[in-house]
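By numbering that gives the first Met the number 0, the letter at position 49 of the sequence shown is numbered 48, and the numbering carries on one by one without gaps.
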Amino acid sequence: MEKVGRNFLLLSAIYGVFGMGIGLYMASVETFKYSAVHSHLTLFGFVSLAIYGLTYSAGLAKNDRLAAAHFWVSALGAILFPIGEGLAIGGGSIALAVAGSLLVILSAVQFVVAIYRA
Ligand code: HEM
Numbered sequence: 000m001e002k003v004g005r006n007f008l009l010l011s012a013i014y015g016v017f018g019m020g021i022g023l024y025m026a027s028v029e030t031f032k033y034s035a036v037h038s039h040l041t042l043f044g045f046v047s048l049a050i051y052g053l054t055y056s057a058g059l060a061k062n063d064r065l066a067a068a069h070f071w072v073s074a075l076g077a078i079l080f081p082i083g084e085g086l087a088i089g090g091g092s093i094a095l096a097v098a099g100s101l102l103v104i105l106s107a108v109q110f111v112v113a114i115y116r117a
């Protein structure tokens, strides 16, 4: 449980590498169709997860079983949302993007609750 801050930071760093990799790829092939995928993976996956992690590490959010649930909802949302977005941009179903975005917003609500309970 006490590792939740570190887990958020580690996953944030990993998503950051992938998000930046997509940015580098887009720049190298000069095709920006998937720029929303890159933006959400870097801004939610990298930046927001890092903010969540630092907040838990600083003791400003309640670190208990709900924090572990918060981690898994955020981890799934951060990856399913951009993947779903990529599928939708490519002409596929929007279902995964919708599911991912609901997880992302649920994680934001969990963050409010964790800060409030601290
Ligand atoms: C290796 C590092 C990165 C590279 C090579 C890169 C590259 C790119 C490229 C090529 C675009 C598309 C520009 C266009 O549509 O004209 C873009 C857009 C964007 N990037 Fe990155 N990026 C990097 C890191 C980041 C990071 C760390 C963040 C945020 C934390 C970020 C946030 C964004 C956002 C929000 C957009 C959308 C801008 C818009 O549509 O107006 N990028 N990036």
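Where is the CB? At the ideal position from N, CA and C, for every residue including glycine.
Taking C-beta atoms as the reference points, residue 110 and residue 69 count as a pair closer than 8 Å.
Under a 10 Å Cβ-count criterion, residue 29 is classified as exposed, with fewer than 16 other Cβ atoms of the shown protein chains found around its own Cβ. DSSP places residue 13 within a helical segment (H, G or I) once states are collapsed to three.
Around the beta carbon of residue 40, a 10 Å sphere encloses 16 or more other beta carbons of the protein chains shown; the residue is thus reported as buried.
For the pair residue 94 and residue 84, the CB atoms are not nearer than the 8 Å cut-off.
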